[in-house]
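Peer 1: One structure follows; several queries about it will come next.
Numbering (our numbering), first residue to last: 2 to 76.
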């Protein structure tokens, strides 16, 4: 799917309006969150993976608890 989107002013920010067919392709609707990922070609919009956020929470907790050990391993 190739779609051209226009950047518009929204208050003091800028934004884009996602057409209904694009939202349907993302299996998203108003109020949903999207993940923005930087790729070599630009950015990618996707629906966040529920388990990914939990995995990142656990990883951050481990990194916090084992900060010294990880610093030693990084040398």
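Every residue gets a Cβ at the ideal spot worked out from N, C-alpha and C, and that includes glycine.
To the nearest whole angstrom, what separates the beta carbons of residue 1 and residue 47, a pair I think is in contact under 8 Å?
Peer 2: Nothing about residue 1 can be read from this structure; the chain reaches only from 2 to 76.
Peer 1: Less than 7 Å separating the Cβ of residue 72 from some heavy atom of the ligand GTP?
Peer 2: Looking at this structure, you won't find the ligand GTP or any other ligand, since it has none at all.
Peer 1: Distance, Cα to Cα, residue 23 vs residue 3?
Peer 2: Their Cα atoms are separated by approximately 10 Å.
Peer 1: How long is the line joining the alpha carbons of residue 44 and residue 35, rounded to whole angstroms?
Peer 2: If you take the alpha carbons of residue 44 and residue 35, they lie about 12 Å apart.
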